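A.B. asks:
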Amino acid sequence: MTERLTLYAMRLGAIAFLLAIWEGITRTGMADPNFVGQPSKIYSDLVEGLITEGHIWPELGFTLYTTLLSFVIGAGAAIIFGLLFVLFPKAEKVLEPILAAFNAMPRTALAPLLIVWFGLGIWSKVAIGASLCFFIVLQNTVAGIRGVNADHVTLARTLGLSRSELFWKITMPGAVPVMFAGLRLGLVVALLGVVAGEIIASRHGVGQQISYLAAAFDMSGVWALLFVLAFAGMILAWLLDVIEARLNRWH
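The sequence shown maps to residues 292 to 542 in our numbering.
1) Excluding the 5 residues flanking Leu375 on each side, which residues of the same chain have their C-beta closer than 7 angstroms to its C-beta?
2) Is the stretch 345 to 364 in contact with the stretch 409 to 428, if contact means three or more CB pairs nearer than 8 angstroms?
3) Check whether the stretch 474 to 489 touches the stretch 416 to 423, counting contact only when three or more Cβ pairs, one atom from each stretch, lie closer than 8 angstroms.
4) Rounded to whole angstroms, what's the CA-CA distance from Gly373 to Ile534? Just pull it up for me.
5) Taking Leu341 as the reference, give the member of Ala523, Ala305, Leu538 and Val385 with the closest Cα.
6) Ordered along the chain, which non-local residues of its own chain (more than five positions away) have a Cβ less than 8 angstroms from that of Gly499?
7) Give me the Cα-Cα distance between Leu360 and Trp348, rounded to the nearest whole angstrom.
8) For the candidate residues Ser502, Val338, Met470 and Gly496, whose alpha-carbon lies nearest to that of Gly438?
9) DSSP three-state call for Pro380: helix, strand or coil?
10) With a 10 Å radius around its C-beta and 16 neighbouring C-beta atoms as the bar for buried, classify Thr432 as buried or exposed.
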């Protein structure tokens, strides 16, 4: 417990030290705060945007809703395809080159096409986020299921477990750790994809606000929103950790 508190204190101290240097550099004129931001201004922007006026909340809500929607669609499709590839290896051989080619395409380059197809609303951002999330979760789903201990499977078959019992009692619990590693990373890249789509073209969202503030050379405002996104991403990752911990009891 004491070591953990010491570690947290050292981390906070390092962050405070870096912020103090950053503030000092901008206040002494060594760097222009319009280009690098200023910690004191970032703090005031956070207080104003989250507490005083609260104008960040609607944009953050839009971004998080879009992220969760893209994550559910992308991860859900990936798990279905992963199960399909494990059960039917020929399907994987047929579809793998097509999926690999699509995965190699930069999503930012595809963004204008997706915006033309789906418009400036939520669905173009969902498409970007879901496409990024899909491939990461797919790879981990296949690896997790195929990585289940073969001795456990053999023993379960010897004990007379049916295919459905084998799947739910042996295969899925054994695949949970690897699958959740993919889900955690997939959630992060879904958030990144959604924000990137909002920066390129959107009427709402944190990314749209970042684009607007950057065009106005308000770097402190940009940093404030980036910190909000980072904290929101940490909360989402923590929620996945909680779900994984509960499922690991099953494992």
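Beta carbons: idealized from backbone N, C-alpha and C, even for Gly.
Predicted, not measured: the structure shown is a model, and the values here were computed from it.
C.D. replies: So, from the data block:
1) Indexing the sequence shown from 1 puts residue 375 at position 84. Hits under 7 angstroms: Ala382.
2) yes
3) yes
4) Looking up residue 373 in the sequence shown gives position 82. Looking up residue 534 in the sequence shown gives position 243. So the two alpha carbons sit approximately 21 angstroms from each other.
5) Within the sequence shown, the letter at position 50 stands for residue 341. The shortest Cα separation from Leu341 among Ala523, Ala305, Leu538 and Val385 belongs to Ala523.
6) Here residue 499 corresponds to residue number 208 of the sequence shown, with the count starting at 1. Just to set this straight, residue 499 is Gln in the shown sequence, not Gly. Here the set comprises Glu350, Glu489, Ile490 and Ser493.
7) Position 69 of the sequence shown, counting from 1, holds the residue named residue 360. Position 57 of the sequence shown, counting from 1, holds the residue named residue 348. C-alpha separation (whole angstroms): 18 angstroms.
8) To locate residue 438, count along the sequence shown from 1; it is residue 147. Among Ser502, Val338, Met470 and Gly496, the Cα nearest to that of Gly438 is on Met470.
9) Numbered from 1 along the sequence shown, position 89 holds the residue referred to as residue 380. Note: Pro380 maps to helix in three-state DSSP.
10) Within the sequence shown, residue 432 is the residue found at index 141, counting from 1. Buried, because 16 or more other Cβ atoms sit within 10 Å of the Cβ of Thr432.
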